[in-house]
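Q: So that we are looking at the same thing, I have put the structure below in structure tokens.
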Amino acid sequence: MLLTAFARPATLLRHYPARLLPRWSRATFTSQADNAVPAPVRSPAEIATRSACLQLVLARWGMEMALKMGHGNEETKSQALTNISLAAQESIIQANLSGHEKLLMLKEDGEWNLEDLHCHGHWESLGILLWTLARVKDIPPYYEMFSRPQLFNATGIQPAKPITIHNFISSAEQHYQPRPTAQFHEAVNKAEAWYWRAHAQRLLQTREQLGLDGENPSGSDPSAPSSTSAPEPASASTRLESSPTMAANPTERTRLPRSFLKFLKGLPHAIDQASDLALEHHFIAAKTDGDFGVESGALYGNLGHPQHNIPLNDDGSAMEIPPTWMPYKQIDDSGHFLLSDIAQHRMLAFGWLAGRVTDWDTDKTQLPNVNPVSSLWAPFNELEVEKGEGEDKE
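Going left to right, the sequence shown walks through residues 1 to 394 as full-length UniProt numbering numbers them.
This is the structure we're talking about:
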């Protein structure tokens, strides 16, 4: 990750909202968490309509992937694409597709680029919406994706039969039973925690690129001249040299607010504190090495990594194996990308449900808090950072 926002420190902070907590109050957290999360403000018809739009876009995504990979019968794919296109022209769909979704659906068959294909993350958004409608029972852990066949089957929508879109929306209106408030609150709090941890990972990478690994938060000034600074670890130096931004200007550290550098140095401790509280409130299932525990088998199963030597019971069924937990920080880049993708797209859906997000195409790295309690996770006020941008530098 290149630190493209180095020229404006406050921009960097806004780009990666910290939401980290050196000053957590457990009593305050508990009392506010129980009451602060708003219930969904979207109507059942709105939720079902947004779900139908997502399902058609994801159906098109599936066919675009098949075209790219050369899978399936050509005539079958062509007919499927025609059906999806016709279904998307239904007035209720046309009126509710987002601007970006409309552009995707208007592209010629086979013309989606790699960036377009990244919309697959919306499977996770669709999962949250269908969970809210009680069409799926549970939300998987934040290192495991929703089952795509389960999501498609949950709506009964068939692109070849546009009437099924109207049937789904009508059924959602007639049979909607809201999730219990406490259950919705718990789901939002968990989403906030994992969304925060994804942001924290980006800041950890920033910390490493700046060569702050191994420095004591109370130790020497990180932006002092190199003759008095602690030696940077070899791994960090290698990364700095490989980054055009950093290699072109090795003194970028001096352009960041002192408070931000101090914060970055204390980040591992903040993550350790966050993990304690997340475990206490069941936002995570395990704490490992001072971090959120990630079940590696589930995560890498999402990525298609082969699972070898799974022991079998006498009846031939797979034997239950205790989960293998890895600290979030030790997951590889592909794993971090997936963890972030899951957290962002689920958080997008919760933000939209609660009325905090009005533009479905919004930047998913800049989603607002749904639960005001998350403000307790911030080490300093962004307005204070902005105000001190020209003052608090080395």
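All C-beta atoms, glycine included, are put in the ideal place defined by N, C-alpha and C.
Predicted model only: the values in this text are computed from it and were never measured.
What does the Cβ neighbour count give for LEU303, buried or exposed, with the cut at 16 atoms within 10 Å?
A: LEU303 is exposed by the Cβ-count criterion.
Q: Could you give the distance in angstroms between the alpha-carbon of TRP112 and the alpha-carbon of GLU64?
A: Near 7 Å, if we compare the C-alpha coordinates of GLU64 and TRP112.
Q: Per DSSP, what kind of secondary structure is TRP352 in: helix, strand or coil?
A: If DSSP states are grouped into helix, strand and coil, TRP352 belongs with the helices.
Q: Could you spell out where the beta strand (DSSP E) holding VAL294 opens and where it closes?
A: Counting along the chain, the beta strand (DSSP E) containing VAL294 begins and ends at 291-295.
Q: Roughly how many whole angstroms lie between the Cα atoms of ARG255 and ASP291?
A: Approximately 30 Å between the Cα atoms of the pair.
Q: Span of the alpha helix (DSSP H) holding PRO268?
A: Element bounds for PRO268: 267-280.
Q: Within this structure, are the beta carbons of LEU86 and CYS53 separated by less than 8 Å?
A: No, these two residues do not count as a Cβ contact at 8 Å.
Q: Between LEU339 and TYR142, is the Cβ-Cβ spacing less than 8 Å?
A: Yes; because the gap between Cβ atoms is below 8 Å, this pair is in contact.
Q: Can you list the alpha helix (DSSP H) stretches of 4 or more residues lying completely in the segment 61-103, in chain order?
A: Correct list: 74-88 and 91-94.
Q: Apart from the five residues on each side of it in sequence, which residues of its chain come closer than 6 Å, Cβ to Cβ, to LEU299?
A: So the list reads TYR143 and GLY335, once near-sequence residues are dropped.
Q: Looking at the unbroken alpha helix (DSSP H) that takes in PRO149, where does it start and where does it end?
A: Unbroken alpha helix (DSSP H) run through PRO149: 148-155.
Q: Would you call the segment 169-179 and the segment 93-109 touching, i.e. three or more CB-CB distances under 8 Å?
A: Flag = no, the segment 169-179 and the segment 93-109 do not touch.
Q: Anyone know if the C-beta pair for LEU114 and TRP61 falls short of 8 Å?
A: Not closer than 8 Å, so no.
Q: Under a three-way DSSP split, which group does PRO327 fall into?
A: Strand.
Q: Helix, strand or coil for LYS262, going by three-state DSSP, please let me know.
A: If DSSP states are grouped into helix, strand and coil, LYS262 belongs with the helices.
Q: To the nearest angstrom, how far is the alpha carbon of LEU106 from that of LYS68?
A: Those two C-alpha atoms are separated by around 18 Å.
Q: What number of angstroms, rounded off, separates the C-alpha of ARG50 from the C-alpha of ILE93?
A: Taking the straight line joining both Cα atoms gives about 8 Å.
Q: Just the Cα atoms here: how many angstroms apart are ILE284 and LEU367?
A: Approximately 21 Å between the Cα atoms of the pair.
Q: Could you give the residue range of the alpha helix (DSSP H) that holds GLU111?
A: Element bounds for GLU111: n/a, residue is neither H nor E.
Q: Apart from the five residues on each side of it in sequence, which residues of its chain come closer than 6 Å, Cβ to Cβ, to PRO327?
A: These residues qualify, in order along the chain: THR288, ASP289 and ASP291.
Q: Quick check: the Cα distance between TRP352 and THR358, rounded to an integer number of angstroms?
A: Straight-line Cα distance between these residues: approximately 6 Å.
Q: Pick helix, strand or coil for ALA177, following the three-state DSSP scheme.
A: The displayed chain sequence assigns Gln, not Ala, to residue 177. If DSSP states are grouped into helix, strand and coil, GLN177 belongs with coil.
Q: Would you kindly check if the distance between the Cβ of ALA66 and the Cβ of LYS77 is under 8 Å?
A: Yes, these two residues count as a Cβ contact at 8 Å.
Q: For THR30, does the count of other Cβ atoms within 10 angstroms reach 16, so buried, or fall short, so exposed?
A: Legend: pLDDT at THR30 = 40, less than 50; position of this residue unreliable, value from coordinates given subsequently. Result: exposed.
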